[in-house]
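Numbering follows numbering that gives the first Met the number 0, with no gaps: position 248 of the sequence shown is 247. A virtual CB, placed ideally from N, CA and C, is assigned to each residue, including glycine. Fair warning: this is a prediction, and the values are worked out from it, not measured in the lab.
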Amino acid sequence: MATNHDVWDAVDQTDGTPGNSFEFLLRAQQGRAGAYLQSADITNVAPAFTGKKRARQTYGAKGVDLSNTYARNLVLTFDVEVVRGDNGEFQPFLQDLLDASKEVGALNRRRIQAFDALGADYAFQSDFTIEHARANTGWDDASFFTITAEQYTPTEWITNPVLVGNVPANLAVSPATAAGGATVYIQGENLADVTGAASVKFGVTNATSYTVISDTLISAVVPGTGAADLPITVTNPDGAGEPIPFARTA
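This is the structure we're talking about:
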């Protein structure tokens, strides 16, 4: 599969920051239900996978470890450089992670995607609990937050976004539940070329209608038939994006 550098080329560092992840990119889903936020103001991205092992009977093994790995834990750490707007606020990618780290329970979690920026078959996602520590506050040119994201749901190994061309990506829907006949808004990337009645589906049913507003936004009318759980699929000439969870209320 050919490597598509559009994702990498489109990631610009915030003005005034030297922080860069180089070969790694991260995306965090805002508020666990919104669009994915992506930042290049990151460095020291360090995913650490450790195995959970179950010991097997060792009689006769002559000292050989026969433990089996039956699951893996993932802890993802990375640094985000502080970049402030004119009003003194942090950049959205950092602020949303800090908001999560202040909370407990479900509000403390964010879904994060991590992938190799230059095309290797190495990409994963999971829901993580979020913690932070502030660093470098004594420097006048570069302060950081170190984010520690600990796996909450099993890791999913996914297709690297830089290998899939320009299919619809980073998709989210608002609201996530609605009645038949209601209008919902689909956010994402690579939506400008979405055409044809079957290109926006709720489950196996076509949207009653939809309008491509921009390359990052589509409005769609929820069909009145079908099951209650209707994951939304958006397709353009390059292929289909990842299904978006959605439920029809009536």
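Tell me, which residues are paired with residue i by DSSP?
i	result
Y69	Answer is none; Y69 lacks a bridge partner.
E188	A168
P46	L75
N257	Beyond the ends of the chain as shown, which are 0 and 249, falls residue 257; an answer cannot be given.
T182	V220
D115	F23
G238	N235
D85	According to DSSP, D85 bridges with nothing at all.
T176	A246
Would you give the residue range spanned by the alpha helix (DSSP H) that residue i belongs to?
i	result
L106	Element bounds for L106: n/a, residue is neither H nor E.
P91	P91 to S100
Does the beta carbon of residue i sit closer than 9 Å to a beta carbon anywhere in chain D?
i	result
N43	No chain D appears in the structure shown, which is made up of a single protein chain.
Which first and last residues belong to the beta strand (DSSP E) in which residue i is found?
i	result
D126	A122 to A134
L36	Y35 to S38
R26	F23 to Q28
F143	F143 to Q150
V233	I231 to N235
A219	L216 to V220
When the Cα of residue i is compared with those of the options, which residue comes out closest?
i	options	result
L170	L24, F23, G33 and E22	G33
N165	T234, T210 and F23	T234
A27	L190, F77 and G118	F77
L24	Y121, A197 and E130	Y121
R133	T207, E102 and T145	T145
I185	D98, G50, G104 and P230	P230
P174	T224, A168 and A219	A219
E80	F245, T136 and I111	T136
F114	V221, T210 and P46	P46
T147	E188, N107 and T207	N107
P236	G195, G87, S142 and P244	G195
Measuring straight from C-alpha to C-alpha, what distance separates residue i and residue j?
i	j	result
F89	R83	5 Å
N67	E155	20 Å
P91	D214	21 Å
A70	P242	26 Å
L75	K51	17 Å
L117	L190	23 Å
T232	A54	43 Å
V203	Y35	25 Å
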